[in-house]
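Only one structure is covered here, and it is reproduced in the block below.
2 protein chains.
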Amino acid sequence: MLTISRLAAYAGVTVRAVRHYHQIGLLPEPERDRSGYRIYDAAAVVRLIRIRSLADAGVPLARVQELLGAGPEEFAGGVQEIDKDLRAEIRRLQDTRRRLARLAAGEHLALPQSVVDYLDRLRGLGVEERYIEMERDAWIMIAAQVPHRIDAVIAKKHEELDDPDMVKLYGILDEALDWPVDDLRMVEIADLLERLMIRAVEAGEVGGDDGIDDQFVDLLDSTMVESSPGAARLLAILEERGWKGWTRIERVPADRLDTELPPS
Amino acid sequence: MLTISRLAAYAGVTVRAVRHYHQIGLLPEPERDRSGYRIYDAAAVVRLIRIRSLADAGVPLARVQELLGAGPEEFAGGVQEIDKDLRAEIRRLQDTRRRLARLAAGEHLALPQSVVDYLDRLRGLGVEERYIEMERDAWIMIAAQVPHRIDAVIAKKHEELDDPDMVKLYGILDEALDWPVDDLRMVEIADLLERLMIRAVEAGEVGGDDGIDDQFVDLLDSTMVESSPGAARLLAILEERGWKGWTRIERVPADRLDTELPPS
DNA sequence: TGGAGGGCTGACCCAGCGTCAGGGTCAAGC
DNA sequence: GCTTGACCCTGACGCTGGGTCAGCCCTCCA
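Just so you know, the protein sequences line up as chains A and B, in that order.
Heads up: the first sequence is residues 1 to 264, going by UniProt numbering.
Heads up: the second sequence is residues 1 to 264, going by UniProt numbering.
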């Protein structure tokens, strides 16, 4: 009487969808005629239409079955739950749009505004773009590590930049990285750096817990070291003088300096 | 140095996601150590973080690659297009929510309000629930067939119910369907029906194009016939008197009555 | 008798991973 | 030297809701 394509047409769905519903047990498989064709009756049309009206209303197919067989209050409860899911999904998408808008506005990928401003300040000091990109990548990682504290960290960096020595350092550092490792000016830079560090230690600005794990600090440092031979040289000089690290600089106490040397 | 799980942790993704990005070419496969483990560097962390910030902003992974490599204006264009998609998706979901709310409000699955009202009127006339369910199923199918005209069709049905004979018919029909087929009262019902039909024909209410295809009418009729032996009997009596169908009743002209008999 | 227009099953495809299964590797403790 | 537990590897299936072949069968009409 009623073939699958007519059934599908009456209910406004595709033949493939009907077969899919059979497969997942949503619509019972009907009788077959002698050549194996499925033959339907009006009840199938009605059930199919009801399935569609639930599905069109956003009910996942997996839940359609229970809702079709449910009494009024179960039905209302189920519908409410589905509506909750829909609301959550909409909120998620709106959130996503907001993030996307921020992305479009600033084109600053993965960086909060404060960091972008900081990098702009470096640019304003005449620091080369190549070096700024290195800084930027490091900040991308740091911001991902401690997003809640990134603004505070950046604020501290801004304070550091109020020191003329720090400005001088940045102004010279990007060139210095390309100098030959035995360039004598490297020692001058190390002196400059050491002065800054000593002042920081005296101001009690060193040693606090910054919430960044040690391995991560190592990663940042090694990136720095690998970026150029000059950088490695600089760190080596400082290490001889009892300073360790770059991202998080620490004073190595004199007595530990010896014990940490590898046993020869 | 950097294993896959640490890389994933730094970027805030799962290990599986990282491998997935390798698979789809979004993140280049890094070197391996001698036991086949992937080893990453800081650049991978940065790239992964950028991938995630785009993906979190709703950019499909398939488009992340182009956007990462795009200049500012391509980037802006791409972002705008993605935002358009997001808006469309949100509208779709909100539409879905509206439909769901209507479903919840009336619990009338797949039926417009006009039909629900009509069924309520029948209920008010004392028609049995069992019969009303049959009607309802038929209306579900009709409403799916001609959704734009369902209200007009129902309005006509309401007019018919203003006729006391029609009320009488409905009041008795549901019981009648259970009577034995040779019950003499069946003929009375047929008389009643015929009177109504003649009046309808005289009022010119028969024969107009109702926009429902013939096969569909046959389906509705056969459902009616199969519902009970009484129904079949009733239709048979009327057919003898020159009336055809139920859903869409037609007068069969006397001269065609003979020619339509099967050649014996 | 052949072609058109159904119908049938089985299988792959989309996104973005989650989650086994069935291994190998590495560092630490006994 | 052996075990244990934590990682790592690849490969494959699963989810949603069907779309889209492919290859074959069935029926009807000219």
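Quick reminder that beta carbons are idealized off the backbone N, C-alpha and C, glycines included.
{"Item": "From the beta carbon of residue 113/A, is the nearest beta carbon of chain B less than 8 Å away?", "Value": "no"}
{"Item": "With DSSP collapsed to three states, give me the class of residue 27/A.", "Value": "coil"}
{"Item": "Could you name the residues of chain B that residue 160/A contacts, counting a contact when the two beta carbons are closer than 7 Å?", "Value": "Those within 7 Å of residue 160/A in chain B number zero; the least Cβ separation is about 23 Å."}
{"Item": "Please state the DSSP three-state secondary structure of residue 37/B.", "Value": "coil"}
{"Item": "At a cut of 8 Å, does the stretch 174-183 of chain A reach the stretch 244-255 of chain A through at least three beta carbon pairs?", "Value": "no"}
{"Item": "On a Cα-Cα basis, can you pick out the residue from 183/A, 89/A, 14/A and 7/A that is closest to residue 96/B?", "Value": "89/A"}
{"Item": "Could you tell me the distance, in whole angstroms, from the CA atom of residue 222/B to the CA atom of residue 60/A?", "Value": "33 Å"}
{"Item": "What is the residue span of the alpha helix (DSSP H) that residue 49/A lies within?", "Value": "42-56"}
{"Item": "Please report how far the alpha carbon of residue 27/B lies from the alpha carbon of residue 65/B, in whole angstroms.", "Value": "9 Å"}
{"Item": "Considering residue 171/A, what are the terminal residues of the alpha helix (DSSP H) in which it resides?", "Value": "164-176"}
{"Item": "Counting only C-beta atoms, is residue 82/A closer than 8 Å to chain B at any point?", "Value": "yes"}
{"Item": "Per DSSP, which one or two residues make a beta bridge with residue 133/B?", "Value": "Answer by DSSP bridge pairing: none, since residue 133/B is not bridged."}
{"Item": "What are the boundary residues of the alpha helix (DSSP H) that includes residue 111/B?", "Value": "Per DSSP, residue 111/B belongs to no alpha helix (DSSP H) and is neither H nor E."}
{"Item": "Which residues in chain B have a C-beta closer than 7 Å to the C-beta of residue 103/A? List them in chain order.", "Value": "57 and 79"}
{"Item": "How would you list, in chain order, the residues of chain A whose beta-carbon sits under 7 Å from the beta-carbon of residue 45/B?", "Value": "141"}
{"Item": "Name the chain A residues whose beta carbon is nearer than 7 Å to that of residue 89/B?", "Value": "93"}
{"Item": "Helix, strand or coil for residue 179/B, going by three-state DSSP, please let me know.", "Value": "coil"}
{"Item": "Near residue 92/B, what residues of its chain come up, given a Cβ to Cβ distance below 8 Å and the 5 sequence neighbours on each side ignored?", "Value": "none"}
{"Item": "Of the residues 71/B, 52/B and 104/B, which one's Cα is nearest the Cα of residue 100/A?", "Value": "52/B"}
{"Item": "For residue 137/A, count neighbouring C-beta atoms within 10 Å of its own C-beta (all shown protein chains included) and say buried if the count is 16 or more, exposed if not.", "Value": "buried"}
{"Item": "How would you write the range of the alpha helix (DSSP H) that residue 1/B sits in, first residue to last?", "Value": "Unbroken run through residue 1/B: none, as it is neither H nor E."}
{"Item": "Using a beta-carbon distance below 8 Å, is residue 137/B in contact with chain A?", "Value": "yes"}
{"Item": "Please tell me whether residue 96/A has its Cβ less than 8 Å away from any Cβ of chain B.", "Value": "yes"}
{"Item": "At a Cβ cut of 8 Å, what residues of the stretch 6-34 of chain B count as close to chain A, listed as they run along the chain?", "Value": "6, 10, 11 and 12"}
{"Item": "For chain B, check one thing: does any of its Cβ atoms lie closer than 8 Å to the Cβ of residue 248/A?", "Value": "no"}
{"Item": "So, with DSSP's three-state summary, where would you put residue 102/A?", "Value": "helix"}
{"Item": "Whole angstroms is fine: what's the gap from residue 187/B's alpha carbon to residue 135/B's?", "Value": "23 Å"}
{"Item": "Under 8 Å between beta-carbons, which chain B residues line up against residue 145/A? List them in chain order, please.", "Value": "10"}
{"Item": "Taking Cβ-Cβ distances shorter than 7 Å, what residues in chain B pair up with residue 53/A?", "Value": "109 and 110"}
{"Item": "For residue 246/A, does the three-state DSSP call read helix, strand or coil?", "Value": "coil"}
{"Item": "When the cut-off is 8 Å and only beta carbons count, does residue 62/A lie next to chain B?", "Value": "no"}
{"Item": "Would you mind sorting residue 125/B into buried or exposed? The rule is 16 or more other CB atoms within 10 Å of its CB.", "Value": "exposed"}
{"Item": "Helix, strand or coil for residue 149/A, going by three-state DSSP, please let me know.", "Value": "coil"}
{"Item": "For residue 203/B, report the span of its alpha helix (DSSP H) as first-last.", "Value": "Counting along the chain, residue 203/B falls outside any alpha helix (DSSP H), and DSSP gives it neither H nor E."}
{"Item": "Per the contact definition of three or more C-beta pairs closer than 8 Å, is the stretch 36-56 of chain A in contact with the stretch 3-23 of chain A?", "Value": "yes"}
{"Item": "Quick check on the burial criterion: 16 or more other C-beta atoms within 10 angstroms. Buried or exposed for residue 103/A?", "Value": "buried"}
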